[in-house]
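Student:
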Amino acid sequence: MAALDHAPPPFFKRGPAPLALLSFYVAFAVALFVLDLRFHALDALRQAISLGVDPLQRLAQAPLRMLAEGSEYFVALETLENENRALKAAQLEAAPDLLRLAQLEAENERLRRLLDLQARDKAVGRAARILYTARDPFSRRVYLDKGQQQNLVPGQPVIDEKGIVGQVTRVFPFSAEVTLITDKQQAVPVQILRTGQRSVVFGLGNGQVELKYIPANADVQVGDLLVTSGLDGIYLPGFPVAQVAHVERDSAYAFARIVATPTAAVEHHGVVMVLDPHPPQAPHPEPLPEKSGQKTKSAASTRKH
Amino acid sequence: MQATHKSSRILQPVRPWFIVFSLFLALLLNMLPTRQWLFMPDWVLLTLCFWHVREWRKVGMGWAFTLGLAMDVADGAALGQHALAYVLAAYGAMTLSRRMLWFPLSLQALHVLPLMLLAQAIQLLIRSMAGGDFPGWGQFIAPLIATLLWGPLSLLLLLPQYQPVERDENRPI
Chain W
1 MAALDHAPPP FFKRGPAPLA LLSFYVAFAV ALFVLDLRFH ALDALRQAIS LGVDPLQRLA
61 QAPLRMLAEG SEYFVALETL ENENRALKAA QLEAAPDLLR LAQLEAENER LRRLLDLQAR
121 DKAVGRAARI LYTARDPFSR RVYLDKGQQQ NLVPGQPVID EKGIVGQVTR VFPFSAEVTL
181 ITDKQQAVPV QILRTGQRSV VFGLGNGQVE LKYIPANADV QVGDLLVTSG LDGIYLPGFP
241 VAQVAHVERD SAYAFARIVA TPTAAVEHHG VVMVLDPHPP QAPHPEPLPE KSGQKTKSAA
301 STRKH
Chain L
1001 MQATHKSSRI LQPVRPWFIV FSLFLALLLN MLPTRQWLFM PDWVLLTLCF WHVREWRKVG
1061 MGWAFTLGLA MDVADGAALG QHALAYVLAA YGAMTLSRRM LWFPLSLQAL HVLPLMLLAQ
1121 AIQLLIRSMA GGDFPGWGQF IAPLIATLLW GPLSLLLLLP QYQPVERDEN RPI
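Line by line, the protein sequences are chains W and L. Here the first sequence stands for residues 1 to 305, where the numbers follow the numbering used here. Here the second sequence stands for residues 1001 to 1173, where the numbers follow the numbering used here.
Below is the structure:
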């Protein structure tokens, strides 16, 4: 029997058995997605892989981009003239508001100082181009052409000329991932412009958002504009988010079902603005008075951003 | 190993660079902005399955795993989602390869269908655990289309391996 224990010398080098390899890879993959989904611990690995994948993705998008830009080049003169006229009209229409904006802002600041309120944050940002949409059908995300090299950080809000588009969720060396407000996992704190009522909108995953936790008898009408409330410290207050498209009041439920359409061209390609992050404010505005005077001073200065 | 159903033609050995090249092309095809069309097949998965059926000695499961990770990052999906689906499909293709090559292309495609469905179902399972949207039943059309593409793809990828037909009286094969 002992002689049979000796395996014959391998004729062909085959490595480990396929089943052993399979279990190894499956265990590895499961470990990876548990680490990624539960603990968000693999950003460095993702960034490293993206260094290789990102050029490929740009390469794959290049022909389409060239096609799109080429067709833009050959656009008819008439179309351009029409567009130019429309833009001029829009600019003229906005002029009364825009011209007095500087004066209004100054007045607002003065009044706020008189009332001893915190100064309103100014929105500063930088333009970025949407490179491509993620192929993942399970989520609503786009990629921008700016990344760590341009000092983007996760959490920055992204807007276009009509409202909030989304939020930077991952940053790669040369690109950044933006989760759109229509993604199912994205929430934006808003208030109804007409009534001032605060709530949160969640993405529905089908290009619309849902206003949640509004009582069935609340004053919400179709056409109401939802603007950011700024309560989360991420989005500055006052940016348009969505317009109420459909209100359904069912007495069986405590809350009304309110569906809204984003005002920004959320799911279209184009140029967007990434707003600079502003430091989060303390959740409790009044900390306990501390013993040393220096500490309270520094705490006050950090709060006053 | 090389016994194809239709002919007894002996194929030339595959060139390694061609395997790499075809997988690279599949990766590029996958990265085209085709997200709106749920029925687009997963080109990388299909090409990987092909090479695992044909050349499982040369193309190991490590390839499937690596390409899966690349697709995960490209899609912004959970890391390991594509990798797991690809590795399981690759193992299935390897196990089926000895059986499949005795069948004509249309019946080979039927063997491929469960692999594609399995990969799609695994991805759906992982994403619903992670709380993603349900993209609709249209996504299960993609494996069907991939199955239909098996025949043309096989012919295309085997093209460089066909030998010129030379009749030699002394060597009748």
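C-beta: ideal position from N, C-alpha, C; glycine also.
1. Which stretch, first to last residue, makes up the alpha helix (DSSP H) that contains W/T133?
2. In three-state terms, what does DSSP make of L/L1046?
3. Alpha carbons only, please: which of L/L1028, L/P1135, L/A1070 and L/L1124 is nearest the one belonging to W/L45?
4. Where does W/E93 land, buried or exposed, given buried means 16+ other C-beta within 10 angstroms?
5. I'd like the ranges of any alpha helix (DSSP H) spanning at least 4 consecutive residues and lying wholly in the stretch 231-281 of chain W.
6. Note down, in chain order, every chain L residue with its Cβ under 7 Å from the Cβ of W/F33.
7. By DSSP's criteria, W/S199 is part of a beta bridge. Which residues make up the other side?
8. Taking only the alpha-carbon atoms, compute the straight-line gap between L/L1029 and W/H278 and give it to the nearest angstrom.
9. For W/Q167, which residues does DSSP report across the bridge?
10. Tell me the DSSP secondary structure of L/D1168 in three-state form.
11. Between L/A1089 and chain W, is there a C-beta pair that is closer than 9 Å?
12. Are there three or more Cβ pairs, one per stretch, closer than 8 Å when the stretch 196-210 of chain W is compared with the stretch 89-104 of chain W?
13. Go ahead and pull the three-state DSSP assignment for L/R1099.
14. Using a Cβ cut-off of 9 Å (strictly closer), state whether L/L1029 contacts chain W.
15. Taking DSSP as the reference, what is the three-state secondary structure of W/L115?
16. Could you check where the beta strand (DSSP E) with L/R1015 kicks off and where it finishes?
17. For the stretch 257-270 of chain W, which residues have a beta carbon sitting closer than 8 Å to at least one beta carbon of chain L?
18. Which residues in the same chain as W/P154 place their Cβ atom closer than 7 Å to its Cβ, once the five residues preceding and following it in sequence are excluded?
19. Tell me, to the nearest whole angstrom, how far the beta carbon of W/N226 is from that of W/A260; I am working on the premise that it is less than 8 Å.
20. Is DSSP giving W/R110 helix, strand or coil here?
21. When DSSP labels each residue in this structure, what does W/S298 get in the three-state scheme?
22. Taking CB distances under 9 Å as the criterion, tell me whether L/M1100 reaches chain W.
23. I need the DSSP call for W/I210, collapsed to helix, strand or coil.
Tutor: By the coordinates alone:
1. Counting along the chain, W/T133 falls outside any alpha helix (DSSP H), though it belongs to the beta strand (DSSP E) covering G125 to T133.
2. helix
3. L/A1070
4. exposed
5. none
6. A1078, L1079, G1080, Q1081 and I1126
7. W/V190
8. 40 Å
9. W/P157 and W/T179
10. coil
11. no
12. no
13. helix
14. yes
15. coil
16. Unbroken run through L/R1015: none, as it is neither H nor E.
17. none
18. V168, T169, R170 and V171
19. What sits at residue 226 of chain W in the sequence shown is Leu, not Asn. With a Cβ gap of about 6 Å, W/L226 and W/A260 count as contacting.
20. helix
21. With a pLDDT of 44 at W/S298, under the threshold of 50, the modelled position of this residue cannot be trusted; read the value that follows with caution. Note: W/S298 maps to helix in three-state DSSP.
22. no
23. The amino acid occupying residue 210 of chain W in the given sequence is Glu; Ile does not appear at that position. Correct three-state label for W/E210: strand.
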